[in-house]
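A quick write-up on the structure given underneath.
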Amino acid sequence: MDCPKSDAQLLRKGRRKFFQLQKQKSMNLIYEPWPWYIAGPMIALILFLLLMVGKNFGMSSNLRTLCTLCGAGKTTDFFKFDWKSQKWNLIVVLGAIIGGYIGAHFLSNTTAVVLNPETISDLKTFGFESAGTAYLPTEMFATTALGSLKNLVLLVLGGLFVGFGARYAGGCTSGHAISGLSNLQLPSLIAVIGFFIGGLTMIHLIFPILF
Amino acid sequence: MFKSEAASWFRIYEMFKFESFHMYGIIGSALVLGILVTQSIKRFDIKSFYGEKIVFTPKAKSFSRYLIGGIVFGLGWALAGACPGPMFTLVGAGYVPILVVIAAAIVGTFAYGIVKDKIPH
């Protein structure tokens, strides 16, 4: 005998389907790029947590610690300090590495960055064909790009400037733009203005020469 | 960092072209909340999780070191497309060439330590 499903059964089935869809939707959101209003507050949360354990938020200090670990303390006093006092910050670095691994390998379906179409066409005129289809320009950051001498020089120069500038200015994006400005420090404002003078100069004046 | 694309070279470029709100949204919202957090801790004398006073060390007063250092940093930030935090995120994400950038950044920091007393601060 044909037995039609009872209303209760149908309701249960419908509800299950509904929750499945909801779950799928929220899972998809994790796999999508995270919007600024999630990322910004998460950064502020890191600042809060570090302050609450009596530390401060500043990533570039780790570069100095790494110098000391490599034995730079023998050359100048600037690197003569007990690196163990900075161990907590190296753990933050480790966290960033692990976070990057998880984000890239488990939490992303695609990592192509959806850019402003104007930005993409700009970059294509500079020869960055990967704009709009990748996370980093393959022209610079694919392992094969290490074979290009010009690219290697650019990577080294970029790193040198970041390392030198961060220590000269006494902080980087986290130390000045987040920690320093949050503490309403005028020096941090000057540094952030400097960051932008440098960045704008690089992209608007120097990129057309380089690429 | 990775999931918000703040570690993407492209996003940094786009930011300096003023062609997207994304990075400004991230830094701006982090800053607004950061100010709220920092100023509340100071105003209400909030103690750390260990019950100790939270000390904020003011940055030394100067102009030239912040401006010149900042400009040098900005040049590198735009070229390498990553600042010292996201650099490490990208290591985890598996981009090998970022190791070159990090090694160079360590050398750059070392170079600063060497010439520190000879440049204006």
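Chains A and B, in that order, give the protein sequences.
Start counting at 1 in the first sequence, then tack on 34, and there's your number in the working numbering.
Start counting at 1 in the second sequence, then tack on 3, and there's your number in the working numbering.
The C-beta atom is built at its ideal place from N, Cα and C for all residues, glycine as well.
Since we're looking at a predicted model, the values are computed, not measured.
Measure from the C-beta of I224(A) to each C-beta in chain B and report whether the shortest distance is under 8 Å.
What you label residue 224(A) is simply residue 190 of the first sequence in a count that begins at 1. Interface residue, yes.
Beta-carbon within less than 6 Å of A203(A)'s beta-carbon, same chain only, minus the 5 sequence neighbours each way: which residues are those?
Counted from its first residue, the first sequence places residue 203(A) at position 169. Correct list, in chain order: A225.
Please confirm if the segment 196-212 of chain A is in contact with the segment 18-29 of chain B, defined as three or more CB-CB distances below 8 Å between the two stretches.
The segment 196-212 of chain A, when compared against the segment 18-29 of chain B, does not touch it at the 8 Å Cβ threshold.
Within 8 Å of any Cβ in chain A, is that where the Cβ of G54(B) sits?
Within the second sequence, numbered from 1, the residue matching residue 54(B) stands at position 51. No, no contact with chain A.
Using a Cβ-Cβ cutoff of less than 7 Å, which residues in the same chain neighbour I29(B) once the five nearest sequence positions on both sides are dropped?
Looking up residue 29(B) in the second sequence gives position 26. Excluding positions up to five away in sequence, the list reads S7, A9.
For the alpha helix (DSSP H) that contains E173(A), what are its first and last residues?
Along the first sequence, read from residue 1 onward, the residue named residue 173(A) stands at position 139. Its alpha helix (DSSP H) spans residues 172-175.
Can you check whether the C-beta of K121(B) is within less than 8 Å of a C-beta belonging to chain A?
The residue you call residue 121(B) lines up with position 118 of the second sequence. It does not; no Cβ of chain A falls within 8 Å.
Could you please tell me which residues of the segment 152-177 of chain A, in chain order, have their CB closer than 9 Å to any CB of chain B?
The segment 152-177 of chain A vs chain B, Cβ under 9 Å: E152, T153, I154, D156, L157, F162, S164, A165, G166, A168, Y169, L170, P171, M174, F175, A176, T177.
I want to verify the contact list: residues of chain A whose CB lies under 8 Å from the CB of R68(B), in sequence order.
The residue you call residue 68(B) lines up with position 65 of the second sequence. By Cβ distance, chain A contributes Y202, A203, G204.
Measure the CB-CB distance between F195(A) and L78(B) and report whether it falls below 8 Å.
In the first sequence, the residue the question calls residue 195(A) occupies position 161. In the second sequence, the residue the question calls residue 78(B) occupies position 75. Yes, they are a contact pair.
State the Cα-Cα distance for the pair S40(A) and R49(A), rounded to the nearest angstrom.
Start at 1 with the first residue of the first sequence, and residue 40(A) comes out as number 6. Start at 1 with the first residue of the first sequence, and residue 49(A) comes out as number 15. So the two alpha carbons sit approximately 14 Å from each other.
Residues in the same chain with beta-carbon distance under 8 Å from P123(B), minus the five sequence neighbours each way, listed in chain order, please.
If you number the second sequence from 1, residue 123(B) lands on position 120. Around P123(B): S67, R68, I71.
So G199(A) and G73(B) are supposed to be a Cβ contact under 8 Å. How far apart are they, rounded?
Counting from 1 along the first sequence, the entry for residue 199(A) is found at position 165. Counting from 1 along the second sequence, the entry for residue 73(B) is found at position 70. Between G73(B) and G199(A) the Cβ distance is about 7 Å, and since that is below 8 Å, they are a contact.
Helix, strand or coil for K162(B)? Go by DSSP, reduced to three states.
Nothing can be reported for residue 162(B), as the shown portion of chain B is limited to 4 through 124.
Per DSSP, which residues does K50(B) bridge with? Please list them.
The residue given as residue 50(B) occupies position 47 in the second sequence. Answer by DSSP bridge pairing, in chain order: K56(B).
Touching or not, the segment 208-225 of chain A and the segment 71-84 of chain A, by the rule of three or more beta carbon pairs under 8 Å?
Flag = yes, the segment 208-225 of chain A and the segment 71-84 of chain A touch.
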